[in-house]
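Asker:
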Amino acid sequence: MINHPLQEQHITPAPLQVDVAVLGGGPAGLMAAEVLSAGGAAVHLFDAMPSVGRKFLLAGKGGMNLTHAEPFDAFVARYAEAASALQPMLEAFGAQAVRDWASSLGIDTFVGSSHRVFPTDMKAAPLLRAWLQRLRHPAGKGAAVQFHMRHRWTGWTDAPVGRIGLRLQSPAGEAFVHARAVVLALGGASWARLGSDGAWVAPLKSAGIAVSPLRPSNCGFDVAGTSRHGACAGWSPFFVERFAGQPFKAVSLSFTGHDGRHFARRGEFVATANGVEGSLIYAVSAQLRETIASHGQATFHLDLQPDRSLEQVRAQVAHPRGARSLSSHLKSRLGLDGIRMAILNELLDKDALHDPQQLAAAIKALPVTVVAPRPIDEAISTAGGVSWAAMNAQLMLQDKPGVFCAGEMIDWEAPTGGYLLTACLSTGRQAGEGALRYLASFLNGA
1 MINHPLQEQH ITPAPLQVDV AVLGGGPAGL MAAEVLSAGG AAVHLFDAMP
51 SVGRKFLLAG KGGMNLTHAE PFDAFVARYA EAASALQPML EAFGAQAVRD
101 WASSLGIDTF VGSSHRVFPT DMKAAPLLRA WLQRLRHPAG KGAAVQFHMR
151 HRWTGWTDAP VGRIGLRLQS PAGEAFVHAR AVVLALGGAS WARLGSDGAW
201 VAPLKSAGIA VSPLRPSNCG FDVAGTSRHG ACAGWSPFFV ERFAGQPFKA
251 VSLSFTGHDG RHFARRGEFV ATANGVEGSL IYAVSAQLRE TIASHGQATF
301 HLDLQPDRSL EQVRAQVAHP RGARSLSSHL KSRLGLDGIR MAILNELLDK
351 DALHDPQQLA AAIKALPVTV VAPRPIDEAI STAGGVSWAA MNAQLMLQDK
401 PGVFCAGEMI DWEAPTGGYL LTACLSTGRQ AGEGALRYLA SFLNGA
């Protein structure tokens with residue numbers, strides 16, 4: 001008698017049955033989980049990373065900017081094309097609500113000189129710790145949130161009527177979840193190492209959900225090269241070696257986009273090995289990006305002497321310099337030295353440098369041409385995402401009942417300054433409340 005070894009059989013794990021599955025452990029997902037938990041729902045939160053809030057913690061390394069204390073109309077306008085869609089959510093949970101929420105977690109805040117709002121200790125970690133403590137041990141009738149780390153959502157699966165089937169990859173292999181409601185809060189596509197890699201786009205598109213292409217936002221740009229350096233793009237090797245990483249301080253930037261919108265602001269930014277980045281560049285990045293997409297490049301103008309008029313600069317440049325070099329002359333008369341003098345040498349030819357009229361005009365409005373945004377993974381945030389038309393007012397997908405979206409994966413963008421975090425929290429709150437209503441109608445047989 002011959003004994004045959006038993007063939008190994010693949011056993012599909014039984015799906016986990018949950019009330020609500022929240023996919024994504026960033027600010028939007030955690031806020032949705034908090035709202036659902038407070039409403040008594042049994043919430044299971046899944047995240048691909050070993051711990052939640054990784055991008056939140058990294059963003060707070062230089063000071064946790066929670067929101068912005070400016071008049072509401074100005075605040076909403078920062079969201080540009082998405083302002084009207086976001087306005088009701090920001091009215092329900094805006095800047096003051098964010099401060100009150102932080103206070104409820106024992107975190108005091110203050111308004112800085114730029115009207116940005118920070119925790120008094122400037123740190124993100126204490127706030128996140130207090131938040132997770134409340135989610136795991138809610139007061140009153142709240143239900144504790146169950147966290148499932150290293151669980152990456154990979155797509156949909158079949159499920160009984162009234163349930164939404166989810167497929168995830170876990171440390172133990174493939175896992176399945178059947179949920180009555182789902183909140184997707186999977187972020188954009190920047191900083192993929194922290195979990196937001198945009199991999200959710202394919203499963204949503206496979207379900208027929210309209211998704212606008214993801215694009216870098218609040219990002220740096222590559223500059224065009226100059227013919228006299230023989231480069232097709234980028235700074236000269238000398239400029240990179242001496243000045244990459246150095247800031248342009250107390251300058252003004254102006255730009256008129258392909259759509260006619262004008263931008264003008266004073267601030268600072270940094271020269272990189274490839275081009276430019278930093279707060280002043282981020283503020284105009286959406287307009288630069290769209291103009292490049294339309295025309296192949298974009299040219300902004302840099303005022304290196306914003307406290308002097310063109311006439312005053314002309315007078316100082318034209319002042320007799322005797323035997324002094326041009327660099328010494330401009331340093332003496334206008335305080336121009338270092339990187340501000342270097343960029344004039346970088347972008348102006350010899351004739352322009354030694355023509356007082358052309359040089360003065362360049363000091364007040366130096367044209368800098370950028371040809372491409374930096375890769376999306378280097379960006380602070382992303383534009384594009386789930387179309388507003390694909391969702392109802394509660395952020396539920398029209399073609400996927402019971403599935404809600406929140407945070408940066410929705411098609412909106414905003415500058416830095418607390419606007420990104422506030423919109424993530426407010427959309428997370430909206431999605432959480434929408435999921436609660438959906439659960440109630442489901443349980444009531446509506």
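Counting in UniProt numbering, the sequence shown runs from 1 upward without gaps. No residue lacks a Cβ here, since even glycine has one placed at the ideal position from N, Cα and C.
With burial defined as no fewer than 16 other Cβ atoms inside 10 Å of the residue's Cβ, what is the status of proline 373: buried or exposed?
Answerer: buried
Asker: Using the rule of at least 16 other Cβ atoms within 10 Å of the residue's Cβ for burial, across every protein chain shown, is asparagine 392 buried or exposed?
Answerer: So asparagine 392 ends up on the exposed side.
Asker: In whole angstroms, what is the alpha-carbon distance linking alanine 309 and alanine 250?
Answerer: In the sequence as presented, alanine is not what sits at residue 309; that position holds serine. Cα to Cα, serine 309 sits roughly 15 Å from alanine 250.
Asker: Tell me, which residues are paired with histidine 319 by DSSP?
Answerer: Paired residue(s): none; histidine 319 is not in a bridge.
Asker: Pull up the distance between the alpha-carbon of aspartate 158 and that of glutamate 174, whole angstroms please.
Answerer: Looking at the two C-alpha atoms, the distance is approximately 14 Å.
Asker: Report the start-end ranges of each beta strand (DSSP E) in the region 378-427 that is 3 residues or longer and not cut off at the edges.
Answerer: 381-386, 403-405
Asker: So, using beta-carbon positions, are alanine 41 and leucine 436 closer together than 9 Å?
Answerer: Result yes, Cβ atoms of alanine 41 and leucine 436 sit closer than 9 Å.
Asker: Ends of the beta strand (DSSP E) at valine 182?
Answerer: 173-184
Asker: Identify every residue that forms a DSSP beta bridge with alanine 372.
Answerer: Asp222
Asker: Mind checking whether serine 285 and asparagine 218 have CB atoms under 9 Å apart?
Answerer: yes
Asker: Whose CA, out of Ala83, Val111, Gly106, Leu86, lies closest to the CA of glutamine 96?
Answerer: Val111
Asker: Below 8 Å on the Cβ atoms is my guess for phenylalanine 263 versus phenylalanine 255; work out the distance and round it to an integer in Å.
Answerer: 5 Å
Asker: So what's histidine 262 in DSSP terms, helix, strand or just coil?
Answerer: strand
Asker: When you compare only the Cα positions, how much space is there between glycine 434 and leucine 304?
Answerer: Note on geometry: alpha-carbon atoms of glycine 434 and leucine 304 lie some 50 Å from one another.
Asker: Let me know if phenylalanine 300 comes out buried or exposed under the rule of 16 or more other beta-carbons within 10 Å of its beta-carbon.
Answerer: With 16 or more other CB atoms across the displayed protein chains lying within 10 angstroms of its CB, phenylalanine 300 is buried.
Asker: On the DSSP letters alone, give me the boundaries of the beta strand (DSSP E) that histidine 148 sits inside.
Answerer: 146-149
Asker: Which residues mark the beginning and the end of the alpha helix (DSSP H) in which proline 50 is found?
Answerer: Note, proline 50: premise wrong, no alpha helix (DSSP H); not H, not E.
Asker: Rounded to a whole number of angstroms, what is the C-alpha to C-alpha distance between glutamate 81 and glutamine 87?
Answerer: 11 Å
Asker: What residues in its chain sit with their C-beta under 6 Å from that of arginine 215, if we drop five residues either side in the sequence?
Answerer: Ala383, Gly384
Asker: Say yes only if the C-beta of methionine 89 is nearer than 8 Å to one or more non-hydrogen atoms of the ligand SAH, and no if none qualify.
Answerer: Only the bare structure without any ligand can be found here, which leaves the ligand SAH out of the picture.
Asker: Answer with buried or exposed for alanine 323, where buried requires no fewer than 16 other C-beta atoms within 10 angstroms of its C-beta.
Answerer: With fewer than 16 other Cβ atoms inside 10 Å of its own Cβ, alanine 323 counts as exposed.
Asker: Does DSSP put isoleucine 292 in a helix, in a strand, or in coil?
Answerer: helix
Asker: So the alpha helix (DSSP H) valine 76 belongs to, where does it begin and stop?
Answerer: In the DSSP annotation of this structure, the continuous segment of the alpha helix (DSSP H) that includes valine 76 starts and ends at 72-77.
Asker: Taking the beta strand (DSSP E) that tryptophan 156 falls in, what are its first and last residues?
Answerer: Unbroken beta strand (DSSP E) run through tryptophan 156: 152-157.
Asker: In or out: serine 426 buried (at least 16 other Cβ within 10 Å) or exposed?
Answerer: buried
Asker: So for lysine 55, helix, strand or coil by DSSP?
Answerer: Three-state result, lysine 55: helix.
Asker: On a Cα-Cα basis, can you pick out the residue from Ala431, Pro13, Arg78, Arg340 that is closest to serine 252?
Answerer: Comparing Cα-Cα distances from serine 252 to each of Ala431, Pro13, Arg78, Arg340, the minimum goes to Arg340.
Asker: According to the neighbour-count rule (16 or more other Cβ atoms, all chains shown, within 10 Å of its Cβ), is serine 441 buried or exposed?
Answerer: exposed
Asker: Kindly indicate which three-state DSSP category arginine 215 falls into: helix, strand or coil?
Answerer: In this structure, arginine 215 counts as strand in the three-state DSSP scheme.
Asker: Pull the bridge partners of proline 367 from the DSSP assignment, please.
Answerer: In DSSP, proline 367 forms a bridge with His301.
Asker: Give a yes or no on whether the C-beta atoms belonging to phenylalanine 248 and isoleucine 343 are separated by under 9 Å.
Answerer: yes
Asker: Take the Cβ of threonine 120 as the centre, count every other Cβ of all protein chains shown within 10 Å, and call the residue buried at 16 or more, exposed below.
Answerer: exposed
Asker: Can you list, in chain order, the residues of its chain with a C-beta nearer than 8 Å to that of lysine 331? Leave out the 5 residues immediately preceding and following it.
Answerer: Asp337, Met341
Asker: What would DSSP say about glycine 112, mapped onto helix, strand or coil?
Answerer: coil
Asker: So, leucine 204 versus valine 20, is the Cβ gap smaller than 9 Å?
Answerer: no
Asker: Return the CA-CA distance between isoleucine 376 and serine 190, expressed in angstroms with no decimal places.
Answerer: 6 Å
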